[in-house]
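The opening residue of the sequence shown carries number 19 in our numbering; numbering runs sequentially from there.
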Amino acid sequence: MPYYTKLGTIPSKRHIQFRRPDGRLYAEEVFGTEGFSGPTSTLYHIHPPTQVIGWKSLYSTKVQYLEREVMRMRHVKSMPMPTQGDAVTGREVLFGNNDVEISVCAPAETMKYHFKNAMADECFFIHFGSGTVFTMFGALKFGPKDYIVIPKGTIYQFVFDKPKSKGEPGPRFLLMESVNGSHILPPPRYLSKKTAQFLEHAPYCERDLRLPQMPMTFDKKGSFEVRIKSRDQVHSYQYSHHPLDVVGWDGCYYPYCFHIDDFSPIVGKHHMPPPTHQTFEAHNFVICSFCPRPLDFHPQAIVVPYNHSNLDSDEVLYYVEGNYKARKGIEVGSLSLHPQGIAHGPHPGTPEATIGATHTNELAVMCDTFAPLYPTKAALDFDDLEYPRSWEKGWDAEEPAPSAAAKKGKTTARASKSSKASAKTTAMTSAPKKSAKSNAANTW
Ligand SMILES: [Fe+2]
């Protein structure tokens, strides 16, 4: 994590005597990255963290990818995927490669153990559900639309709250897991090179990050299972004490929450490119937040993204909420994959139909990778085969004729009469007129 913090009780210096109330020493653990030259935290345990009893391999986490040779647009509807397992065993990888795995999880059960991912940083996006993730660094309360970044090696347990009403959706989250050993961090360009402080142009800052809080220390003896993911296997280790027994820690390596509504979108006179939406990055992939915002304000602005070839990237968008009527087939919980190799952009008719739109209410999370992404069987099981065909009709067949005012360049970006007329005639007006004008599909 970018900045220094501390929680609980720690001694005045590193590596000195620090004693429990009964006079015995607390067990110091330096929790370091990159050979102790990267971000590090120092924790003080009631019991030595080395005291583990026995182990066994439980199951493989090696992901099998299919259709590795097929390059095409894909659309997976994740909401129909059934609830299963817990917050770890219920994860269903949909797309991935040697850098990142993108999965969806709708857990049916509570975790009855603690988990440590010793292979990867994990970035959760909670779509539905609230609760607490108890970690060795303290507790993080979370709710819908929170990112939770849990760095490699952190021991944790998810506890979801019971739904407050009958109609409330059960827990469901998106997970982007770094599998190349790199850490998921804020983009370096957001940070001061000298102090790692978030700079003024960054779309979020320290105040937006929610750090671990009490309770942190569970002083219990007994038999506790910690499942550790390493070498593409989950191992079961037994501890004779509660694994969350830290009384204090300090450093720059810890989990945290960040609510996507606290991302301050950067808007422009002309359409802003995807990097303005960037939230996190790791080696060979980035995570972006597309949030509700005012649209581009040039009088003749095209307010939806231009057609683009992101030549070095595959792009996955996860649709959280908003008006997706202009996106053929897309629903809340959909994931679209647009691969490098072919251009993508708005559906035919959309640029003309959205002239005059002033806001977008779409909320989506994007993961762009620098290597091709491959689908799993789970992705293919929920694959919408019609999606790639939704661009097949020629733009000239669907594009409405521009209005006279638009031809003369008199169209304004603020709901001109001509743009209203244009919206009426477009093939994309299955949405109510007002909605079509005020909200434009605006993710990339
Ligand atoms: Fe794109």
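All residues carry an ideal CB built from backbone N, CA and C; glycine is no exception. Just so it is clear, the structure is predicted and the values come from calculations on it, not from any experiment.
1. Can you tell which of I360, A375, V350, P66 has the C-alpha that lies nearest to the C-alpha of L381?
2. Is Y165 helix, strand or coil by DSSP?
3. Alpha carbon to alpha carbon, what distance is there between M97 and T213?
4. Straight-line CA distance for P169 to A375?
5. Within 10 angstroms of the Cβ of K74, are there 16 or more other Cβ atoms? Answer buried if so, exposed if not.
6. Can you list, in chain order, the residues of its chain whose CB lies under 8 Å from that of D280, leaving out five sequence neighbours each side?
7. By DSSP, does E53 sit in helix, in strand, or in coil?
8. With DSSP as the reference, label T368 as helix, strand or coil.
9. In whole angstroms, what is the alpha-carbon distance linking R249 and M137?
10. Return helix, strand or coil for L549, following the three-state DSSP convention.
11. Give me the Cβ distance between A397 and F142, rounded to the nearest whole Å; I'm assuming they're in contact under 8 Å.
12. Is there at least one Cβ from chain B nearer than 8 Å to E85's Cβ?
13. With three or more beta-carbon pairs closer than 8 Å as the criterion, would you say the stretch 278-298 touches the stretch 100-113?
14. What residue range does the beta strand (DSSP E) around C123 cover?
15. Is G367 buried or exposed, if buried means 16 or more other CB atoms sit within 10 Å of its CB?
16. Could you check if N325 belongs to the surroundings of ligand 1, using beta carbon to heavy atom distance under 7 Å?
17. Confirm, please, whether the CB-CB distance from S121 to L193 is below 8 Å.
18. What residue range is occupied by the uninterrupted beta strand (DSSP E) comprising W409?
19. Based on the DSSP secondary-structure assignment, which residues constitute the bridge partners of T58?
20. Can you tell which of Y337, H316, G286, C275 has the C-alpha that lies nearest to the C-alpha of I373?
21. Hey, how far is the Cα of Y405 from the Cα of R311?
22. Identify whether I320 lies in helix, strand or coil by the three-state DSSP scheme.
23. For ligand 3, I want to know if H253 counts as a neighbour, meaning its beta carbon is within less than 7 Å of at least one of the ligand's heavy atoms.
24. Flag this pair as touching only if the stretch 280-294 and the stretch 168-182 have three or more C-beta atom pairs under 8 Å; answer yes or no.
25. What's the C-alpha gap between T235 and P261?
26. Examine the Cβ distances between the stretch 154-163 and the stretch 79-97 and report whether three or more of them are shorter than 8 Å.
27. Compare the beta carbon distance of P369 and V322 with 8 Å and say whether it is the shorter of the two.
28. Closest by CA to P100, which one among P189, Q358, G340?
29. Any heavy atom of ligand 1 closer than 7 Å to the CB of E380?
30. How many angstroms separate the CA atom of S408 from the CA atom of A220?
31. Just to confirm, is the Cβ distance from D263 to I64 under 8 Å?
32. With distance defined between alpha-carbon atoms, name the residue in D117, K411, S352, C309 nearest to H377.
33. Can you check which of these residues, Y272, A389, H365, K239, is closest to F155 by C-alpha distance?
34. For my contact list, D117 and H301 are in at a C-beta cut-off of 8 Å; report their separation, rounded to the angstrom.
35. Please confirm whether S352 and V81 have their CB atoms less than 8 Å apart.
36. Quickly, what does DSSP pair K247 with across the bridge? List them, please.
In terms of the structure at hand:
1. With distances taken between CA atoms, L381 lies nearest to V350 out of I360, A375, V350, P66.
2. strand
3. 42 Å
4. 40 Å
5. exposed
6. Contacts found: Y222, D226.
7. Per the sequence shown, residue 53 should be read as Gly rather than Glu. Helix.
8. helix
9. 7 Å
10. Absent from the structure is residue 549, since the part of the chain shown begins at 19 and ends at 462.
11. Contact flag wrong, Cβ pair sits at about 19 Å.
12. Given the protein chain composition of this structure (a single chain), no chain B is represented.
13. Here the stretch 278-298 makes no contact with the stretch 100-113; the two share fewer than three CB pairs at distances below 8 Å.
14. 118-123
15. buried
16. no
17. Between L193 and S121, the C-beta spacing is below 8 Å.
18. Element bounds for W409: n/a, residue is neither H nor E.
19. T58 pairs with G50.
20. H316
21. 27 Å
22. coil
23. Looking at this structure, you won't find ligand 3 anywhere; what it does contain is ligand 1.
24. no
25. 9 Å
26. no
27. yes
28. P189
29. no
30. 36 Å
31. It is a contact, given that the beta carbons lie within the stated cut-off.
32. C309
33. Y272
34. That belief holds up - the Cβ atoms of D117 and H301 are roughly 7 Å apart, short of 8 Å.
35. No, Cβ-Cβ distance for S352 and V81 is not below 8 Å.
36. N135, V252
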